[in-house]
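J.: First the structure, then my questions, so here it is.
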Amino acid sequence: MPIRVLHCIHSMNRGGAETFIMNVYRKIDRSRVQFDFLLHNPEPGDYDEEIRQLGGHIYYAPSRRDGIIENRRALNRFFKEHTEFAAAHQHLSSCSYIEPLRYAKKHGIKIRIAHSHSTKEDGSRLHELMHRLQRPALRRIATHLWACSDLSAVWTYGPHAKNKIINNGIQTDSFCYDAEKRQLFRKQYGIEDAFCIGLVGRFVPAKNHSRLLAIFDALQKKHSQAVLMLVGVGPLMDEAKKETERRELTGRVIFTGISEDIAGMMSAMDVFVMPSLFEGLPVTLVEAQATGLPCIVSDVITRDVALTDYIHYLPLSMADDIWCEKILEYTKWERPEDAALQVKRRGFDIQTTVQNLEDTYLGR
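Numbered per the numbering used here, the sequence shown finishes at 1172, counting up by one with no gaps.
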């Protein structure tokens, strides 16, 4: 019988942490390790069906927004009733909410992993205060402090906490550049001859889509065939569409929604542009480099994700025209044939990541 590991996270939609979990789940030896999920959002998630197909169970507990007392009572009841877990693995954006691990410890789960995926929490001052106040408690509660990058580790645990960096590995072979898919997607969207810059990411404040639209507005004035491809969904998508109309960019900005073939979408792009306000370590930047896409990103993003020499960092304070100049350097870019291999050699292949996690879960 496999051991069971409980992943604690708000929901299982297509975000960075969720994609990381699923990349691991698909490749881990499920005859030894099986995943279950404790979520706080009862609405169906993008990955729910696949989780069940892989043998996982999905449980729900009320979130803090439903009431702090109800949240704690539900967690206490859950961990009291479910004694089957060898490990509890909570995925964090900050230390402001660590209750699942607190109750996992109370009810005797021996392996308790805190896993940071961010360098900032997009919340109130109260959240930031709770984050700082609960750091010491988290260090006592968790048996393992993990983070996706050095910046993420310092933000979550403090500058001197003993932690381990877990690379956001991908299936590198699946992200090799594909010329046939490039033609297929470019034909589908009517951009066969276009210079296509793109971003894969949820429409949330951290991704800074409004700045990307401003950069693209400046770019399309310099390059008559430029188009912008935005892959993903999220709460700020309608706002981005309104800004597209306001800037008179309708027809030049493509909102694809969710895609089942991110590698194919990236093959269709010419430059990947990510002016994020903050990030942990974006899985999409690992994927983009594996396809050989040049990446122009904000300098708040960790250098841990610089796996190739075709990722470039620019300050958000720099003018849109400076961003455009860097983007336009890649109008005649030829994809390196060894791009996926470069990423793999840097330790970002999913098999390396899976082995790290499996060894911890099994106590090896």
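Glycine included, every Cβ here is placed at the ideal spot set by N, Cα and C.
Note that the structure is a prediction, hence the values are computed from the model and not measured.
(1) Give a yes or no on contact between the region 881 to 894 and the region 847 to 855, applying the rule of three or more CB pairs nearer than 8 Å.
(2) So for SER1170, helix, strand or coil by DSSP?
(3) How is LEU953 classed by DSSP in three states: helix, strand or coil?
(4) DSSP three-state call for ASP958: helix, strand or coil?
(5) Does GLU1015 pass the burial test, meaning 16 or more other C-beta atoms within 10 Å, or should it be called exposed?
(6) Could you compute how far the alpha carbon of SER957 sits from the alpha carbon of ASN975?
(7) For TYR911, report the span of its alpha helix (DSSP H) as first-last.
(8) If you measure between the beta carbons of LEU959 and ALA922, is that distance less than 7 Å?
(9) When the cut-off is 7 Å and only beta carbons count, does GLU1142 lie next to chain C?
(10) Could you compute how far the alpha carbon of LEU1089 sits from the alpha carbon of TYR1118?
(11) Between ARG1221 and LEU1057, what straight-line distance do the alpha-carbon atoms span, to the nearest angstrom?
(12) Could you check whether the region 1071 to 1090 touches the region 1048 to 1057, counting it as contact only if at least three pairs of C-beta atoms, one from each stretch, sit closer than 8 Å?
(13) On the premise that HIS952 lies in contact with SER902, defined as a C-beta separation below 8 Å, what is that separation, rounded to the nearest angstrom?
(14) Under 6 Å Cβ to Cβ from PRO1102, same chain only, skipping five residues before and after it: list those, please.
(15) Can you list, in chain order, the residues of its chain whose CB lies under 8 Å from that of ALA895, leaving out five sequence neighbours each side?
(16) Using the DSSP secondary-structure output, state which residues sit across from HIS815 in a beta bridge.
(17) Can you tell me where the beta strand (DSSP E) with ILE786 in it begins and where it stops?
(18) Give me the residue from ARG1019, ILE973, ARG873, LYS1030 with the minimum Cα distance to ALA1127.
(19) Count the other C-beta atoms from every protein chain shown that fall within 10 angstroms of the C-beta of ARG881, then say buried if there are 16 or more, exposed otherwise.
(20) Would you tell me roughly how many angstroms separate the C-alpha atoms of ARG1010 and ARG838, rounded to the nearest one?
T.: Here's the rundown:
(1) no
(2) In the sequence as presented, Ser is not what sits at residue 1170; that position holds Leu. The DSSP-derived three-state label of LEU1170 is coil.
(3) Of the three classes helix, strand and coil, the one that applies to LEU953 here is strand, per DSSP.
(4) In the three-state DSSP reduction, ASP958 falls in the helix class (H, G or I).
(5) It should be pointed out that residue 1015 corresponds to Lys in this sequence rather than to Glu. When all chains shown are included, LYS1015 counts as buried.
(6) 8 Å
(7) 907 to 914
(8) With contacts defined by Cβ atoms closer than 7 Å, LEU959 and ALA922 do not form a contacting pair.
(9) Included in the structure is just one protein chain, with no chain C present.
(10) 17 Å
(11) Any question about residue 1221 goes unanswered here, given that the chain covers just 809 to 1172.
(12) They do not touch, by the three-pair rule.
(13) Actually they are not in contact, since the Cβ atoms of SER902 and HIS952 sit about 17 Å apart, beyond 8 Å.
(14) VAL1079, TYR1118, TYR1138, TRP1141
(15) ILE811, VAL813, LEU814, ILE917, LYS918, ILE919, ARG920, ILE921, THR1168, TYR1169
(16) PHE845, HIS897
(17) Residue 786 is absent from the structure shown; the chain starts at 809 and stops at 1172.
(18) Put simply, of ARG1019, ILE973, ARG873, LYS1030 the residue whose alpha carbon is nearest the alpha carbon of ALA1127 is ARG1019.
(19) Under this definition ARG881 is an exposed residue.
(20) 30 Å
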